[in-house]
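> Quick one: structure below, then a few questions.
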Amino acid sequence: MQQPLTPAEIVRELDKYIIGQRDAKRMVAIALRNRWRRQQVPEHLRDEIAPKNIIMIGPTGVGKTEIARRLARLAQSPFLKIEASKFTEVGYVGRDVESMIRDLMELAVSMVRTEEMEAVKMRAEEITEEKLLDILLPPKRQAESRESASDQTENLRAALEESEQADSTREKLRKLLRKGALDDRYVDLEVPDRNVPMVEIFAGAGMEDMDYNFREMLGSMMPRRTKRRKVKIPEAREILVQDESQRLIDMDKVIKSAVERVEHSGIIFLDEIDKIAGRESTKGPDVSREGVQRDLLPIVEGSTVTTKYGMVKTDHILFIASGAFHISKPSDLIPELQGRFPIRVELQSLTKEDFLRILKEPENALIVQYESLLATEEVKLVFHEDAIEEIASIAYQVNSRTENIGARRLHTIMEKLLSEISFNAPDLKGQEIPITSAYVRETLQEIVKDEDLSRYIL
Ligand SMILES: Nc1ncnc2c1ncn2[C@@H]1O[C@H](COP(=O)(O)OP(=O)(O)OP(=O)(O)O)[C@@H](O)[C@H]1O
Ligand SMILES: [Mg+2]
Numbered sequence: 003m004q005q006p007l008t009p010a011e012i013v014r015e016l017d018k019y020i021i022g023q024r025d026a027k028r029m030v031a032i033a034l035r036n037r038w039r040r041q042q043v044p045e046h047l048r049d050e051i052a053p054k055n056i057i058m059i060g061p062t063g064v065g066k067t068e069i070a071r072r073l074a075r076l077a078q079s080p081f082l083k084i085e086a087s088k089f090t091e092v093g094y095v096g097r098d099v100e101s102m103i104r105d106l107m108e109l110a111v112s113m114v115r116t117e118e119m120e121a122v123k124m125r126a127e128e129i130t131e132e133k134l135l136d137i138l139l140p141p142k143r144q145a146e147s148r149e150s151a152s153d154q155t156e157n158l159r160a161a162l163e164e165s166e167q168a169d170s171t172r173e174k175l176r177k178l179l180r181k182g183a184l185d186d187r188y189v190d191l192e193v194p195d196r197n198v199p200m201v202e203i204f205a206g207a208g209m210e211d212m213d214y215n216f217r218e219m220l221g222s223m224m225p226r227r228t229k230r231r232k233v234k235i236p237e238a239r240e241i242l243v244q245d246e247s248q249r250l251i252d253m254d255k256v257i258k259s260a261v262e263r264v265e266h267s268g269i270i271f272l273d274e275i276d277k278i279a280g281r282e283s284t285k286g287p288d289v290s291r292e293g294v295q296r297d298l299l300p301i302v303e304g305s306t307v308t309t310k311y312g313m314v315k316t317d318h319i320l321f322i323a324s325g326a327f328h329i330s331k332p333s334d335l336i337p338e339l340q341g342r343f344p345i346r347v348e349l350q351s352l353t354k355e356d357f358l359r360i361l362k363e364p365e366n367a368l369i370v371q372y373e374s375l376l377a378t379e380e381v382k383l384v385f386h387e388d389a390i391e392e393i394a395s396i397a398y399q400v401n402s403r404t405e406n407i408g409a410r411r412l413h414t415i416m417e418k419l420l421s422e423i424s425f426n427a428p429d430l431k432g433q434e435i436p437i438t439s440a441y442v443r444e445t446l447q448e449i450v451k452d453e454d455l456s457r458y459i460l
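Anchor point for the sequence shown: position 135 equals 137 in the working numbering, and the numbering is continuous, going up by one each time.
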């Protein structure tokens, strides 16, 4: 395992993308570090120490999901985000809580597989080149007739000459191939048939509810069909590289390492946990929220879940729950679950100053995003400082007058602000376009003034 980041390092990394929310950053950093600490403790004690998961409480659009997602990326962890309200109690129709472990496992497998395939790519490309050359210039059979000794020497000489000739032709072809001079040529290739597999047909019919073992079985019952197709060399190369990489990697190893990753570094983000808070046992067709909480408990505490890749232990998976908690409170969760989420942190509503910084400072800042989008059209956007202030201020106004959707407001405003330029960009090629505060006001004023219009457009 790689050297784990210290809490301070984690916060510093998060700072590159998320503005403010100092407490939340510190708390998730602690939660992540605690997991690592717990894994280092001698085994007899380890089981005594309960997992320290975290609940983030705060209004919409202030960075809850973003923090969790960045944290996962930092830790190179498999990361799954799921709404707690999607789950139904075992025995009811819908998603049971164990499905999140299976989904996380699925993610981890594809994560590791991609890495492994990347690692063997060079080798796969080499093999592919040889295969393509074989297709373009099928290798000659060895001389078959071997009569007398003198004939044999003759044959050998002929064969040698021939093979030397073939070799040099092959090398010439290789050069052409590498230069891309043969890219317009077609070759015959065995490719997987793209017919809709049976499983997909079932998928519409509530496949989700079907036992995954059964789903697997169905899948393997269908023969993997291939057909011969004429494809151009570049496409053939892609198909062959993909094929060869698949062949070169060891799936058993991939699965083993994916299980390890889920168990030791998996992160599950349980969104809308407040929607399942509450202890009343609802009557009627409603699924009881408490039931879902009870189902969650063993997974959060640590249990073993069967997946199609084998058993997965959930003891060290980090759970980050999140919710607005407008109506319910964390104390409305069943006590056992509260105990498994001992770290609580509140996120702050974003201020006008935060908006200003969010527009400018993160590595993926919105301003930077739009500048680079339009740069592809050779249009140079130049945002004036007071224009950015104006945008932040409008976002804040609209949020307080209509609905507070946090930083998401910046996205809708920027989109509206730049829609004209965005549309006309191909005709503005080579130009430099200043975005001034006057331009911002001019473009957005009418909409901002009219509350109803704001509701629809911004
Ligand atoms: N503090 C922040 N710094 C930088 N960007 C932010 C911040 N808060 C939110 N954003 C941006 O706003 C968008 C929404 O944020 P996010 O998804 O984290 O909201 P959330 O708190 O999870 O809201 P919800 O409760 O609705 O899920 C994202 O694109 C994110 O990058
Ligand atoms: Mg969210």
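Glycine included, every Cβ here is placed at the ideal spot set by N, Cα and C. Keep in mind it's a predicted model, so treat the numbers as computed, not measured.
(1) Return helix, strand or coil for R187, following the three-state DSSP convention.
(2) Roughly how many whole angstroms lie between the Cα atoms of I435 and F271?
(3) For the beta strand (DSSP E) that contains S324, what are its first and last residues?
(4) Give me the Cα-Cα distance between L191 and E131, rounded to the nearest whole angstrom.
(5) Using the C-alpha atoms, what's the distance from K234 back to D186?
(6) Note down the Cα distance separating L1 from A77, rounded to an integer number of angstroms.
(7) With which residues is F343 paired in a DSSP beta bridge?
(8) Between the Cα of I449 and the Cα atoms of E422, K418 and K431, which residue gives the shortest distance?
(9) Would the beta-carbon of A86 fall within 8 Å of that of G341?
(10) Could you please go through the chain and list the residues whose beta-carbon is closer than 7 Å to any non-hydrogen atom of ligand 2?
(11) Any idea what DSSP makes of K27, helix, strand or coil?
(12) Where do the N-terminal and C-terminal ends of the alpha helix (DSSP H) with F271 fall, by residue?
(13) Taking the Cβ atom as the reference point for each residue, do L135 and R180 lie within a distance shorter than 8 Å?
(14) At a cut-off of 7 Å, would you count P332 as near ligand 1, judging by its Cβ distance to the nearest heavy atom?
(15) Do A86 and ligand 1 come close, with the Cβ less than 7 Å from some heavy atom?
(16) If distances are taken between C-alpha atoms only, which option among V442, Q433, V400 and G293 comes closest to S456?
(17) Which residues does DSSP pair with G312 in a beta bridge?
(18) Fully enclosed by the segment 106 to 145, which beta strand (DSSP E) runs are 3 residues long or longer?
(19) Using C-beta distances below 6 Å, list every residue in its chain close to K174, excluding the 5 sequence neighbours before and after it, in chain order.
(20) Counting only the same chain and skipping the five closest in sequence on each side, list residues whose C-beta sits under 8 Å from that of A110.
(21) Is P364 near ligand 1, with its Cβ less than 7 Å from a heavy atom?
(22) Would you kindly work out how many angstroms separate the C-alpha atoms of R359 and E240, rounded to a whole number?
(23) How is T8 classed by DSSP in three states: helix, strand or coil?
(24) Taking P9 and R28 to be in contact with their CB atoms under 8 Å, please state how far apart those CB atoms are, rounded to whole angstroms.
(25) Tell me the rounded alpha-carbon separation between T404 and I59.
(26) Just how far apart, CA to CA, sit F204 and R115?
(27) Over what stretch of residues does the beta strand (DSSP E) that includes P436 continue unbroken?
(28) Return the Cβ separation of I437 and L383 in integer angstroms, given the expectation that the two are a contact with Cβ distance under 8 Å.
(29) Under a three-way DSSP split, which group does V64 fall into?
(30) Quick check: is any heavy atom of ligand 1 less than 7 Å from the C-beta of V370?
(31) For I69 and D49, what's the separation of their Cα atoms in angstroms?
(32) With a Cβ-Cβ cutoff of 8 Å, do V294 and I278 count as a contact?
(33) Hey, could you find the ends of the alpha helix (DSSP H) T414 is sitting in?
(34) For ligand 1, is there any heavy atom lying closer than 7 Å to the beta carbon of T62?
(35) Check whether the segment 87 to 100 and the segment 246 to 259 touch, using three or more Cβ-Cβ pairs below 8 Å as the test.
(36) If you draw a straight line from the alpha carbon of Y398 to that of Y19, how long is it in whole angstroms?
Inspection of the coordinates gives the following:
(1) Taking the first residue of the sequence shown as 1, we reach residue 187 at position 185. Here R187 sits in coil by DSSP.
(2) Start at 1 with the first residue of the sequence shown, and residue 435 comes out as number 433. Start at 1 with the first residue of the sequence shown, and residue 271 comes out as number 269. Going from the Cα of I435 to the Cα of F271 covers about 41 Å.
(3) Position 322 of the sequence shown, counting from 1, holds the residue named residue 324. Run containing S324: L320 to G325, per the beta strand (DSSP E) assignment.
(4) Position 189 of the sequence shown holds residue 191. Position 129 of the sequence shown holds residue 131. Cα to Cα, the separation comes out at about 14 Å.
(5) Translated into the one-based positions of the sequence shown, residue 186 becomes position 184. Translated into the one-based positions of the sequence shown, residue 234 becomes position 232. So the two alpha carbons sit approximately 6 Å from each other.
(6) Within the shown structure, residues of the chain are numbered from 3 to 460, placing residue 1 beyond reach of any answer.
(7) Along the sequence shown, one-based indexing puts residue 343 at 341. Note: F343 is not bridge-paired with any residue in the DSSP secondary-structure output.
(8) Position 447 of the sequence shown holds residue 449. Closest by alpha carbon: K418.
(9) To locate residue 86, count along the sequence shown from 1; it is residue 84. To locate residue 341, count along the sequence shown from 1; it is residue 339. Cβ atoms of A86 and G341: not closer than 8 Å.
(10) K66, T67, D273 and S324
(11) Along the sequence shown, one-based indexing puts residue 27 at 25. Annotated three-state conformation of K27 is helix, per DSSP.
(12) Residue 271 sits at position 269 when you count from the first residue of the sequence shown. Unbroken run through F271 is the beta strand (DSSP E), I269 to D273; no alpha helix (DSSP H).
(13) As a first step, residue 135 must be located in the sequence shown, where it is residue number 133. As a first step, residue 180 must be located in the sequence shown, where it is residue number 178. No, the Cβ-Cβ distance between L135 and R180 is not below 8 Å.
(14) For the purposes of this step, residue 332 is identified with residue 330 of the sequence shown, where counting begins at 1. Not under cutoff, so the answer is no.
(15) For the purposes of this step, residue 86 is taken as residue 84 along the sequence shown, with counting starting at 1. Not so, every heavy atom of ligand 1 lies at least 7 Å from the Cβ.
(16) On the sequence shown, position 454 is the one that residue 456 refers to. With distances taken between Cα atoms, S456 lies closest to V400.
(17) On the sequence shown, residue 312 is found 310 positions in, with the first residue counted as 1. According to DSSP, which records beta bridges pairwise, G312 is partnered with T309.
(18) For the segment 106 to 145, not a single whole beta strand (DSSP E) run of length 3 or above is found.
(19) Within the sequence shown, numbered from 1, the residue matching residue 174 stands at position 172. Excluding sequence neighbours, K174 sits near nothing in its chain.
(20) To locate residue 110, count along the sequence shown from 1; it is residue 108. If the five residues before and after A110 are omitted, its C-beta is found closer than 8 Å to the C-beta atoms of P80, A260, V261, R263, V264 and G268, all from its own chain and listed in chain order.
(21) Locating residue 364 in the sequence shown gives position 362, where the first residue counts as 1. P364: yes, Cβ under 7 Å from ligand 1.
(22) Position 357 of the sequence shown holds residue 359. Position 238 of the sequence shown holds residue 240. In a straight line, the C-alpha of R359 is about 43 Å away from that of E240.
(23) Against the sequence shown, residue 8 aligns to sequence position 6. Here T8 sits in coil by DSSP.
(24) The count along the sequence shown starts at 1 and reaches residue 9 at position 7. The count along the sequence shown starts at 1 and reaches residue 28 at position 26. With a Cβ gap of about 7 Å, P9 and R28 count as contacting.
(25) One-based indexing of the sequence shown puts residue 404 at position 402. One-based indexing of the sequence shown puts residue 59 at position 57. For T404 and I59, the distance between alpha carbons rounds to 22 Å.
(26) Position 202 of the sequence shown holds residue 204. Position 113 of the sequence shown holds residue 115. Residue placement at F204 is flagged as unreliable, the pLDDT there being 49, under the threshold of 50; the coordinate-derived value follows with that caveat. Near 26 Å, if we compare the C-alpha coordinates of R115 and F204.
(27) As a position in the sequence shown, residue 436 is number 434, starting the count at 1. First-last of the beta strand (DSSP E) with P436: E434 to I437.
(28) Position 435 of the sequence shown, counting from 1, holds the residue named residue 437. Position 381 of the sequence shown, counting from 1, holds the residue named residue 383. That pair is a contact at about 6 Å.
(29) Looking up residue 64 in the sequence shown gives position 62. Residue state, collapsed to three classes: coil.
(30) Translated into the one-based positions of the sequence shown, residue 370 becomes position 368. No, since every heavy atom of ligand 1 falls outside the 7 Å radius drawn around the Cβ of V370.
(31) In the sequence shown, residue 69 corresponds to position 67, counting from 1. In the sequence shown, residue 49 corresponds to position 47, counting from 1. So the two alpha carbons sit approximately 28 Å from each other.
(32) One-based indexing of the sequence shown puts residue 294 at position 292. One-based indexing of the sequence shown puts residue 278 at position 276. Yes.
(33) Taking the first residue of the sequence shown as position 1, residue 414 is located at position 412. From DSSP, the alpha helix (DSSP H) with T414 extends over R410 to L419.
(34) As a first step, residue 62 is located in the sequence shown; it is residue number 60 there, counting from the start. The answer is yes for T62.
(35) no
(36) Numbered from its first residue, the sequence shown carries residue 398 at position 396. Numbered from its first residue, the sequence shown carries residue 19 at position 17. About 20 Å.
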